[in-house]
Each structure stands twice: as structure tokens, then as C-alpha cells.
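Colleague:
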Amino acid sequence: MIKVWIFVVCLILAILVGIILGFLIARRYMIKYIQENPPINEDIVRTLMSQMGRTPSEKQVRQAMRAISTQYEFKKPSKDKKKK
0 MIKVWIFVVC LILAILVGII LGFLIARRYM IKYIQENPPI NEDIVRTLMS
50 QMGRTPSEKQ VRQAMRAIST QYEFKKPSKD KKKK
């Protein structure tokens with residue numbers, strides 16, 4: 000009877016650890032993928048502006064890209080902590 004309980008507890012712990020590790024690994028992978036392959040680029044901004052009926056200048060495209068990149072920038076955690 001005790002062996003069954005130990006098995007059940009170990010099984011539940013293994014499932015919880017697997018879920019947590021899977022989440023953390025998937026999160027790290029997705030952040031790295033988004034940083035390397037941003038979902039929007041200058042061509043997409045030009046297409047969106049022209050679909051709205053505007054003729055985008057290069058300055059407007061760069062301004063939109065700058066606004067998008069600063070808004071959705073993933074910040075890397077700093078490794079060195081400053082002591083007070």
C-alpha cells in the first residue's frame with residue numbers, strides 16, 4: 000500500500016516538473032526566435048501604409064519601425080547585479 004502512494008506522489012511530481020521545465024524551455028525558445036526573426040519589417044509597414052491610402056516616405060517607414068521596435072523590445076535580464 001505504501002509503495003502505491005510513493006509511486007503516485009513521484010508520478011505527480013514528475014508531471015509537475017515536466018510541465019514547468021517545458022514552459023520555461025518553450026518561453027526561452029520563443030523569445031530567442033522573435034528576437035532573431037521579428038514578425039514585422041519595413042516591407043510590411045510600407046504595404047500597410049499603402050493599403051491605408053498613404054504613400055509612405057522613407058522617414059515615415061523608419062519612424063514606424065522605430066516605434067514598433069521600442070514598444071515590443073524584449074529586455075535581456077542583466078547578469079551582473081550592482082551592490083549598494
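End of the sequence shown sits at 83 in numbering that gives the first Met the number 0; the numbers just go up one at a time, nothing left out. Ideal placement from N, C-alpha and C gives every residue a C-beta, glycine not left out.
Can you grab the Cα-Cα spacing for the pair ILE33 / ILE39, in whole Å?
Modeller: Answer to the nearest angstrom: the Cα atoms are 10 Å apart.
Colleague: Specify, as a first and last residue, the run of the alpha helix (DSSP H) that GLY17 falls within.
Modeller: First-last of the alpha helix (DSSP H) with GLY17: 1-35.
Colleague: Where PHE6 and ALA13 are concerned, what is the direct C-alpha to C-alpha distance, given to the nearest angstrom?
Modeller: Looking at the two C-alpha atoms, the distance is approximately 10 Å.
Colleague: Less than 6 Å between C-beta atoms, sequence neighbours within five positions excluded: which residues of the same chain meet that for PRO55?
Modeller: Only ARG45, MET48 meet the Cβ criterion.
Colleague: Quick check on the DSSP output: the alpha helix (DSSP H) that includes THR54 runs from which residue to which?
Modeller: Neither: THR54 is in no alpha helix (DSSP H) and is coded neither H nor E.
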